Each structure stands twice: as C-alpha cells, then as structure tokens.
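In my numbering, the protein residues as written are 2 to 155.
Cβ atoms here follow ideal geometry from the backbone N, Cα and C, with glycine treated the same way.
Bear in mind the structure is a predicted one, so any value in this text is a computation, not a measurement.
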Ligand SMILES: [Zn+2]
C-alpha cells in the first residue's frame with residue numbers, strides 16, 4: 002500500500018440524504034455480503050472477487066459469478082496504480098452530496114485487468130491525458146465508511 006493516499010472527507014451538512022440517494026453504500030456485514038471489500042479498502046487494498054471455476058475477475062465484487070453461477074469466489078488485489086482509459090468532468094448536475102465538489106473529474110481506470118469507473122482527484126480536466134498513471138486514493142467519511150477514488154500521479 003505504498004502508493005495509496007488517504008483523505009478524510011466531509012459531506013455538506015445542509016442536506017440530509019435519504020438512504021436511497023446516499024451514494025456511499027452501507028458497508029458492514031449486516032448490510033452487505035461483500036463487506037470484505039470495504040475492510041480491505043480501509044487497509045489500503047483495492048480488491049475484488051475472482052471466480053475459482055471459470056477464472057474470471059469480477060467487478061464490482063460479487064457473491065455469485067454472473068458467467069457460470071458458481072459461488073466459489075476468492076478475493077484478489079487489483080493493485081494501487083492504474084491507467085486512465087477515458088475521462089470526463091462533471092461541471093453541472095452533480096448528484097446530491099457532490100454539488101459543492103463540482104467541477105470534478107471522473108474516469109474509467111484500467112487496473113488489474115479490469116475497467117472501473119471512479120472519481121479522479123488532484124487534477125482538472127485539462128490536466129488529464131488518456132493513458133496516464135493514476136494512483137489509488139481512499140476517502141473516509143465522518144461516519145467511518147470508506148470509498149475508492151484515484152488521483153493523478155503522473
Ligand atoms: Zn465463474
């Protein structure tokens with residue numbers, strides 16, 4: 002986890018998000034069967050599940066393989082550095098809880114053989130280039146929940 006950045010973030014206090022509109026999922030064992038993903042994330046590891054039957058890596062993490070329906074899955078690390086495959090910038094129309102963050106960048110990141118979408122911090126749209134390296138960034142909410150982003154490191 003050498004190249005992982007952690008940041009505590011605050012969300013705007015002037016809105017109370019209804020559960021269904023809360024972008025950040027409930028992460029504990031009571032609420033999700035992939036709570037291991039968030040436990041790993043807290044330790045600086047971006048992980049997902051891989052099917053032991055058909056050998057496919059799955060994103061997002063699953064409890065059943067959508068390709069062969071096996072539930073024999075294992076956790077694998079995706080690494081902490083990816084490559085920017087595509088990106089855009091949200092200027093208007095950000096979802097509730099993110100309005101004050103706009104403008105911000107969102108990218109498709111190639112990492113661990115998968116393509117995943119995530120926010121890309123630390124850069125404006127004009128500063129980013131397809132193919133450049135981005136590093137894992139983990140944000141922690143005030144209630145202890147965590148989520149992944151990436152940041153420009155090139
Ligand atoms: Zn499978």
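Host alpha helix (DSSP H) of residue 40 (start-end): Here the alpha helix (DSSP H) through residue 40 covers 36–43.
Three or more C-beta pairs below 8 Å linking the stretch 76–92 and the stretch 104–120: yes
For residue 81, count neighbouring Cβ atoms within 10 angstroms of its own Cβ and tell me buried if that reaches 16, exposed if not. buried
Run the Cβ filter for me: residues under 5 Å from any heavy atom of ligand 1, listed in the order they occur in the chain. 52, 54, 55, 66, 68, 69 and 71
Segments assigned beta strand (DSSP E), at least 3 residues, entirely inside the stretch 27–89: Runs found: 48–52 and 74–78.
In chain order, what residues of the same chain have a beta carbon less than 6 Å from the beta carbon of residue 10, not counting five sequence neighbours either side? 140
Tell me the DSSP bridge mates of residue 112? 115
Span separating the alpha-carbon of residue 47 from that of residue 65: 19 Å
What is the DSSP secondary structure of residue 141, reduced to helix, strand or coil? strand
Whole-angstrom distance between residue 23 and residue 137, CA atom to CA atom: 22 Å
Between the stretch 60–80 and the stretch 34–49, can you find at least three pairs of beta-carbon atoms closer than 8 Å? yes
For residue 43 and residue 151, I'd like the C-alpha separation in whole angstroms. 15 Å
Answer with buried or exposed for residue 157, where buried requires no fewer than 16 other C-beta atoms within 10 angstroms of its C-beta. Here the chain covers residues 2 to 155 and nothing more, so residue 157 does not appear.
Quick check: the Cα distance between residue 97 and residue 19, rounded to an integer number of angstroms? 10 Å
Measuring alpha carbon to alpha carbon, tell me which residue in 56, 35, 13 and 91 is nearest residue 124. Closest option to residue 124, Cα to Cα, is 91.
Cα-Cα separation between residue 122 and residue 60, rounded to whole angstroms: 21 Å
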